[in-house]
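Reviewing the structure listed below.
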Amino acid sequence: MLRKSLHILMSSALPLTLTLALSACAPKVEERVFEKPQTSFGPQSKDTRLNLRVRQFGKDTPALYWAGTIGSARFFEIAEALHTLGAKTENPALQQTGLSWIRQYYSNPQSTLTTELSDSPFAALATGQTQEQVRGTLTEVLADIEKSRPVIRRHIEALGPGLPQVPIKNLNEILSRAETFTRMVLAEIPNMGLIPVIESGLTEEFQKKTTPLFAEVRTLLAKLAATKTLAETLRLIDDAVKQFEVELTPELQTSMLQGRKLAVGLDRMSDAQSALTVIVDVWRMLTPAEREQNFKPVNETLYDFLSKQSEDELICLATEGCNGGIIDGITKKIFILPKIKKFGVETLQRDLNNATRQYVVTSIESFAADFVKTMPQTFADNIDVGLTDKAAAITRVRDGYQNYVQNLFKVWQKKVLPATGGVLPGFESAQVLFEASTSKALNLKPAAASAQLRADSIGPAMAANVLLLEETPANDPNAFAIMLAQVNKLVAIAGYRDADNNLVPALLAPVNHEGTLLDIMNFDASKDPGLSFRVPDVIKLRDAYHADHEMTYEKDFSAAAFASQIRGLSRMMRLTADWKKTAYDEQLGPIKAQDLTQDAQHEDLQQPLFPKDMLFALNLGNAAVLLQDITKKATPVFMLSLNNNLLWADSYGTTNETAVMAGIVDIKKGERTHTVSTRDTTNFLLALSEFLDATEGVENTKSSILLEKDANGEAPLEILNAGRKDMRLLILAISNFISNQLITADKLAVTKMNLNERTLEMNKDYRVEQQALAIRALLKGWQITKIDSYLWSAQEIYYAMNRQMFNAKEEFYINSDGSKLSLPERINTLLALSELKPHLPEESRLQLEKLMNPWLAALKNLK
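Under numbering that gives the first Met the number 0, the first residue of the sequence shown carries the number 0, and numbering increases by one thereafter.
Laid out in structure tokens, this is it:
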């Protein structure tokens with residue numbers, strides 16, 4: 000079911016149907032003819048020489064301090080940016096600082112919600128997806144077991160005449176006879192005509208039970224032969240009863256109690272009276288026939304005397320100081336006790352121990368000899384009981400499959416997550432108190448994670464965790480939990496059907512319609528252009544991962560959260576890509592379904608518990624649901640035509656106009672806003688580029704979901720590759736919008752634009768970080784489209800920053816209102832400049848390097 004549903008999802012979601020004409024979208028360089036032809040390519044403005052002091056290396060490094068409460072999304076963004084900045088500037092210290100910030104965030108127990116692995120979305124999804132097949136298989140196995148029972152019994156009982164008929168003399172010979180019969184049974188199993196799974200199971204179980212059993216019994220017999228007293232013999236038998244879990248009959252329990260009492264008397268025998276007590280106790284335990292057999296041949300006088308005693312008289316004889324009647328008292332004092340004393344108490348104690356011990360051994364041999372006679376029947380009975388018990392266990396699994404799998408996960412989670420007792424981290428806290436300085440240790444306190452999940456934190460947190468996994472040794476005890484948490488986020492975002500086929504709501508919730516929830520396992524309905532699904536800006540959770548059943552939320556869907564989720568899911572695809580060797584393979588790749596249980600061994604259980612190709616398809620499916628939203632009725636993406644007319648992306652296919660620019664807006668209370676944010680638009684472009692990077696080389700996938708052709712002979716992989724081409728055109732259109740609409744005559748990017756009136760906010764509110772984002776987006780647009788004008792636009796923004804936003808006193812850039820940059824803004828700006836630097840003329844590059852070095856040194860000093 001999952002395979003089919005994801006196939007439908009891929010085929011319906013990936014094409015963006017953006018047939019933007021490259022010639023219409025790209026800025027053209029028109030050739031003009033002069034008497035002396037001259038052409039000029041590149042930015043129209045030039046760089047400005049800055050008044051930079053020459054700092055001595057290691058001296059006069061700027062001090063940094065910043066504190067505030069910021070969103071977790073913002074925190075993860077700057078921690079990752081710091082790591083990337085370190086990589087680009089070949090500064091490992093910065094990379095480690097970024098990683099240490101993320102690790103410190105998660106070291107706080109309140110930074111995330113938590114849940115047991117057994118209650119996680121993946122465990123429930125695995126149960127629901129395997130239940131139907133497993134139940135059907137178990138029903139077939141039960142029928143086969145029932146058919147096999149009489150066959151097995153008939154074959155085993157028929158082996159009886161083939162046993163050696165030589166009389167058995169002792170316990171060791173009895174054991175050898177049992178071992179011989181066991182080998183006969185094992186040799187006969189292949190001749191029983193059983194189905195392979197029962198034949199192999201019976202053989203394996205039979206060997207598993209009998210081999211160690213016989214070894215233990217042989218050890219027991221050796222110990223039994225070495226015993227000297229009745230007490231030692233009975234202790235050994237007690238241990239054997241416990242070891243082999245033998246259930247004694249009431250009669251045997253009574254005999255064992257009497258035997259223990261007698262053994263205590265034997266051990267305490269120290270004089271004639273205590274010896275007489277033991278003799279009387281033995282007499283009282285035996286039947287009349289046994290008394291005659293054991294006492295009369297040894298001492299007929301004693302036998303005759305004791306035979307005449309009543310029960311009360313016997314008790315008196317055994318009791319010190321009790322003389323009974325005159326005759327019995329005289330007999331006890333004059334004849335019995337002196338004779339015992341004369342015979343020797345120690346000698347009598349030894350003889351009684353030998354006699355009673357031999358009596359026990361003889362009784363065991365007698366029982367065992369009877370067992371040999373009925374051994375075929377007994378073996379058949381025991382195997383039948385085993386098959387019946389196995390059938391009962393299988394029935395319990397089949398009828399209570401959900402509880403069975405959950406219990407398997409409960410046991411397994413403690414094995415694989417010992418540090419947390421099987422508990423996984425869930426979604427993250429919304430905010431974090433952040434205080435960073437070059438003079439004191441980092442102060443980082445995430446707010447307690449709550450049930451109100453912020454959509455804008457999902458993507459950045461996932462991207463940060465991917466970074467951790469890529470940079471963490473495979474044997475790190477936290478890496479496994481981190482990976483499992485991200486897998487469960489993928490399942491929670493998509494939703495699933497549980498073991499009862501109930502739809503567990505996805506975090507991808509309806510945008511502008513009621514009733515129909517995302518059903519990624521049955522995705523046909525999503526082809527309806529009126530059904531859009533995105534994660535609301537705030538959504539209530541019922542636990543660490545699952546959306547609340549009520550699905551109550553404001554219909555607010557920000558462009559920022561939309562872009563960050565596409566980016567986060569794309570980053571996750573760097574791990575789940577099945578054609579690459581990634582950290583996923585080190586953490587989850589080796590785990591087989593068999594690792595969950597040792598109750599049953601089967602080749603089907605050798606399959607991966609976390610199949611990478613399936614999870615890549617699910618990962619891609621989540622991103623596809625979001626990307627599909629671009630061309631649906633509730634699309635947040637707009638386009639501008641050659642005539643500057645506004646078109647929404649869902650209606651583009653119905654118009655003859657040619658779109659040349661595109662951007663994105665928020666959805667508030669179910670309605671599209673008409674304010675375009677430079678931050679959101681640039682981040683949207685960067686997110687789309689992440690998707691392209693993540694799916695680079697996807698043609699090498701082995702995922703059957705992506706390779707399987709539909710009824711039209713088309714595979715999702717082909718549709719994905721077509722969608723990637725459309726996405727490049729969309730990136731081109733967004734690059735056009737940034738360079739042609741969001742950049743003023745000052746060559747700087749504004750904060751926002753009114754889409755209806757096509758007017759920019761002309762209050763000169765230029766923010767340095769907006770320029771940095773625009774530079775990064777235009778650079779990425781240039782790298783993807785190979786259109787140089789986007790590089791030139793990025794260079795011109797930088798030159799304008801030098802002219803209008805550089806502050807000599809600060810020796811860095813400040814906002815147009817005179818405010819200094821916060822630490823997050825400074826980090827993001829330095830990252831953008833480090834990406835632009837290789838593409839500047841040499842003189843500008845050297846100046847930029849001189850500008851950046853002190854601030855990179857300052858960042859390196861952050862604690």
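Every residue gets a Cβ at the ideal spot worked out from N, C-alpha and C, and that includes glycine.
As assigned by DSSP and simplified to three states, the class of S640: If you number the sequence shown from 1, residue 640 lands on position 641. Residue state, collapsed to three classes: strand.
Below 7 Å CB to CB, which residues in the same chain sit around R148 once its five sequence neighbours on both sides are set aside? The residue labelled residue 148 in the question sits at position 149 within the sequence shown. Only D383 and L386 meet the Cβ criterion.
Tell me which same chain residues have a C-beta within less than 7 Å of the C-beta of I188, skipping the five on either side of it? Sequence index remark: in the sequence shown, residue 188 carries index 189 (1-based). Taken in chain order, the residues that qualify are E198, L201 and T202.
Cα-Cα, which of L822, K862 and S833 is closest to G67? Position 68 of the sequence shown, counted from the first residue, corresponds to residue 67. Relative to G67, the option among L822, K862 and S833 whose CA is nearest is L822.
Can you grab the Cα-Cα spacing for the pair L212 / K414, in whole Å? Counting from 1 along the sequence shown, the entry for residue 212 is found at position 213. Counting from 1 along the sequence shown, the entry for residue 414 is found at position 415. If you take the alpha carbons of L212 and K414, they lie about 29 Å apart.
Could you say if the region 472 to 490 and the region 137 to 147 meet the contact criterion of at least three C-beta pairs nearer than 8 Å? With the cut-off at 8 Å, the region 472 to 490 and the region 137 to 147 do not touch.
To the nearest angstrom, how far is the alpha carbon of K751 from that of S676? Counting from one through the sequence shown, the residue named residue 751 turns up at place 752. Counting from one through the sequence shown, the residue named residue 676 turns up at place 677. Computed Cα separation, rounded: 4 Å.
Does the separation of the CB atoms of S531 and Y64 fall below 8 Å? Counting from 1 along the sequence shown, the entry for residue 531 is found at position 532. Counting from 1 along the sequence shown, the entry for residue 64 is found at position 65. Contact flag unset, no.
For a test of the three-state rule: what should DSSP assign to E756, helix, strand or coil? For the purposes of this step, residue 756 is identified with residue 757 of the sequence shown, where counting begins at 1. Residue state, collapsed to three classes: coil.
Just to confirm the assignment, what range does the alpha helix (DSSP H) spanning P129 have? As a working note, residue 129 is residue 130 in the sequence shown. First, the amino acid is wrong: residue 129 is Thr here, not Pro. Element bounds for T129: P120 to E156.
With a CB to CB cut of under 6 Å and the five nearest residues on each side skipped, what residues in its chain are close to M9? Indexing the sequence shown from 1 puts residue 9 at position 10. Interpretation of M9 is limited by its pLDDT of 35, a score under 50 that renders its predicted location unreliable; no figure is taken from the coordinates.
List the residues that DSSP assigns as beta-bridge partners of E427. On the sequence shown, residue 427 is found 428 positions in, with the first residue counted as 1. E427 pairs with T111.
Taking A460 as the reference, which of Y552, D518 and R570 has the closest Cα? Taking the sequence shown and counting its residues from 1, the one referred to as residue 460 is at position 461. It is R570.
Can you tell me whether DSSP reads S362 as helix, strand or coil? Looking up residue 362 in the sequence shown gives position 363. Here S362 sits in helix by DSSP.
In the DSSP assignment, what are the bridge partners of E670? Within the sequence shown, residue 670 is the residue found at index 671, counting from 1. Note: E670 sits in a beta bridge opposite K667.
Local Cβ density within 10 Å of N642, reported as buried at 16 or more and exposed below that: Indexing the sequence shown from 1 puts residue 642 at position 643. N642 should be labelled exposed.
Considering only their Cβ atoms, is the gap separating W100 from A78 smaller than 8 Å? For the purposes of this step, residue 78 is taken as the residue at position 79 of the sequence shown. For the purposes of this step, residue 100 is taken as the residue at position 101 of the sequence shown. Yes, the pair counts as a contact, with Cβ atoms nearer than the cut-off.
Would you identify the three-state DSSP class for W578, choosing helix, strand or coil? As a position in the sequence shown, residue 578 is number 579, starting the count at 1. Coil.
Which residues mark the beginning and the end of the beta strand (DSSP E) in which Q451 is found? Taking the first residue of the sequence shown as 1, we reach residue 451 at position 452. Q451 -> beta strand (DSSP E) spans Q451 to R453.
Cβ shell of Q109 (< 8 Å), same chain only, five flanking positions each side left out: Walking along the sequence shown from the start, residue 109 turns up at place 110. Closer than 8 Å at Cβ, skipping near neighbours: S428, P445, A446, A447 and A448.
How should Q272 be labelled, buried or exposed, when 16 other C-beta atoms within 10 angstroms of its C-beta is the threshold for buried? Translated into positions along the sequence shown, residue 272 becomes position 273. Burial call: buried.
Using the C-alpha atoms, what's the distance from T88 back to A616? Numbered from 1 along the sequence shown, position 617 holds the residue referred to as residue 616. Numbered from 1 along the sequence shown, position 89 holds the residue referred to as residue 88. If you take the alpha carbons of A616 and T88, they lie about 35 Å apart.
Under 8 Å between C-beta atoms of I69 and Q430: In the sequence shown, residue 69 corresponds to position 70, counting from 1. In the sequence shown, residue 430 corresponds to position 431, counting from 1. In this structure, Q430 lies closer than 8 Å to I69 by Cβ.
What span of residues does the alpha helix (DSSP H) with I393 cover, start to end? Residue 393 sits at position 394 when you count from the first residue of the sequence shown. Per DSSP, I393 belongs to the alpha helix (DSSP H) from M374 to D398.
Name the DSSP beta bridge partners of M613, please? Against the sequence shown, residue 613 aligns to sequence position 614. None; M613 has no bridge partner.
Check each candidate in I718, L84 and V659 and name the one with the smallest Cα separation from M851. The sequence position of residue 851 within the sequence shown is 852, counting from 1. In this structure, L84 is the residue among I718, L84 and V659 with its C-alpha nearest to the C-alpha of M851.
Locate the beta strand (DSSP E) running through Y789, then write down its first and last residues. Position 790 of the sequence shown, counting from 1, holds the residue named residue 789. Premise fails: Y789 lies in the alpha helix (DSSP H), D787 to Q803, not in any beta strand (DSSP E).
Is it buried or exposed for H548, if we count other Cβ within 10 angstroms and need 16 for buried? Your numbering for residue 548 matches position 549 in the sequence shown. A residue is called buried when at least 16 other Cβ atoms come within 10 angstroms of its Cβ; H548 does not meet this threshold and is exposed.
Out of L684, E810, R290 and E698, point me to the one whose CA is closest to L49's CA. As a first step, residue 49 is located in the sequence shown; it is residue number 50 there, counting from the start. In terms of Cα proximity to L49, the closest of L684, E810, R290 and E698 is E810.
In whole angstroms, what is the alpha-carbon distance linking Q37 and T47? Reading the sequence shown from its first residue, position 38 is the one you call residue 37. Reading the sequence shown from its first residue, position 48 is the one you call residue 47. Caution is warranted here: a pLDDT of 39 is assigned to Q37, below 50, making its placement in the model unreliable, and the coordinate value is therefore given only provisionally. Looking at the two C-alpha atoms, the distance is approximately 25 Å.
Does S436 come out as helix, strand or coil in the three-state DSSP assignment? Taking the first residue of the sequence shown as 1, we reach residue 436 at position 437. Note: S436 maps to strand in three-state DSSP.
Along the chain, where does the alpha helix (DSSP H) containing Y105 start, and where does it finish? Counting from one through the sequence shown, the residue named residue 105 turns up at place 106. Residue range P91 to S106 is occupied by the alpha helix (DSSP H) that includes Y105.
May I have the straight-line CA-CA distance separating L223 from S106, to the nearest angstrom? On the sequence shown, position 224 is the one that residue 223 refers to. On the sequence shown, position 107 is the one that residue 106 refers to. Spanning the two alpha carbons is a distance of roughly 59 Å.
Which residues mark the beginning and the end of the beta strand (DSSP E) in which N442 is found? Within the sequence shown, residue 442 is the residue found at index 443, counting from 1. Residues N442 to P445.
Give, in chain order, every unbroken run of the beta strand (DSSP E) that is at least 3 residues long and sits entirely within the region 509 to 544. 537 to 539
Beta-carbon within less than 7 Å of N90's beta-carbon, same chain only, minus the 5 sequence neighbours each way: which residues are those? As a position in the sequence shown, residue 90 is number 91, starting the count at 1. L855 and K859, listed in sequence order.
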